[in-house]
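Chemist: Residue numbers (our numbering): 24 to 235. Glycine residues also receive a C-beta, built at the ideal position from the N, C-alpha and C atoms. A quick note: this is a predicted structure, and the numbers were derived from the prediction, not measured.
What follows is the structure, given as structure tokens:
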């Protein structure tokens, strides 16, 4: 069983849709995929969770470990709600109990956002699981610095990562096109609005968004 962790250069960069696309692409190759969301925060009544979005678009099994009401970083959201912080050991044990070919773990926010007890991050979890990461980056201005900082932090921990652009605009401007050239090798580009596709269309298109 392989494990891949999905993080981002920031919040709102498209991690959930990229996670769903990775899952759909793996399913198209005949793999059994499970998606894990360690901590979900800040849902409004009736709003779809990240795990539910991945399940709907990719048609895979999903596991959400904890949920906090406030739209904050998970450790902060636990504190403000008075709920227990998530222990990293809980996530490691949950992954070990799963059955499949590929486990995709979607973090919250960026690489060093504190997810739970003792301030552990998605980088700490990747090290504990000895697993690679996918870094989801923006297409527009600012992405070069944010992506470089994230990859540097990953490399300093002796971890590996691929870069995926989370939302490629329908009408890219000069900055988008040059950023794509100047970013480290990009292994996937998910088009803007991919999350609004029907599940059938999403699952058909997803394998074409990544390099082999």
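1. Below 8 angstroms on the Cβ atoms is my guess for residue 60 versus residue 189; work out the distance and round it to an integer in Å.
2. If you reduce the DSSP assignment to three classes, tell me which class residue 118 lands in.
3. What residues in its chain sit with their C-beta under 8 angstroms from that of residue 65, if we drop five residues either side in the sequence?
4. For the beta strand (DSSP E) that residue 62 lies in, which residues bound it at each end?
5. Runs of 3 residues minimum, wholly inside the segment 72-155: which ones carry the beta strand (DSSP E) assignment?
6. The alpha helix (DSSP H) spanning residue 2 covers which residue range?
7. What are the boundary residues of the alpha helix (DSSP H) that includes residue 51?
8. Leaving aside the five residues before and after residue 137 along the sequence, list all residues of the same chain whose C-beta is less than 8 angstroms from its C-beta, in chain order.
9. Quick check on the burial criterion: 16 or more other C-beta atoms within 10 angstroms. Buried or exposed for residue 202?
10. In chain order, what residues of the same chain lie with their CB nearer than 6 angstroms to the CB of residue 151, ignoring the 5 residues before and after it?
11. With 16 other CB atoms within 10 Å as the buried threshold, where does residue 125 fall?
12. What does the alpha-carbon distance come out to for the pair residue 247 and residue 76?
13. Identify every residue that forms a DSSP beta bridge with residue 211.
14. Please list the terminal residues of the continuous alpha helix (DSSP H) segment that includes residue 227.
15. Reducing DSSP to helix, strand and coil, say where residue 28 ends up.
16. With which residues is residue 217 paired in a DSSP beta bridge?
17. With 16 as the cutoff for other CB atoms within 10 Å, does residue 81 come out buried or exposed?
18. Count the other C-beta atoms from every protein chain shown that fall within 10 angstroms of the C-beta of residue 149, then say buried if there are 16 or more, exposed otherwise.
19. Going by CA-CA distance only, name the one from 73, 161 and 74 that's closest to residue 205.
20. To the nearest angstrom, how far is it from the Cα of residue 215 to the Cα of residue 194?
21. Report whether the distance from the Cβ of residue 186 to the nearest heavy atom of the ligand MN is below 7 angstroms.
Modeler: Reading from the atomic positions:
1. Rounded, the Cβ-Cβ distance is 17 angstroms, inconsistent with contact.
2. helix
3. 91, 92, 93, 94, 95 and 100
4. 56-64
5. 84-91 and 125-133
6. Absent from the model: residue 2. The displayed extent of the chain is 24 to 235, so no value can be given.
7. 38-51
8. 96, 97, 98, 99, 143 and 144
9. buried
10. 115
11. buried
12. The structure shown has nothing for residue 247, since the chain only spans 24 to 235.
13. 187 and 233
14. 222-228
15. strand
16. BP columns for residue 217 are empty, so no partner.
17. buried
18. buried
19. 161
20. 10 angstroms
21. The ligand MN is absent from the structure shown, which contains no ligands of any kind.
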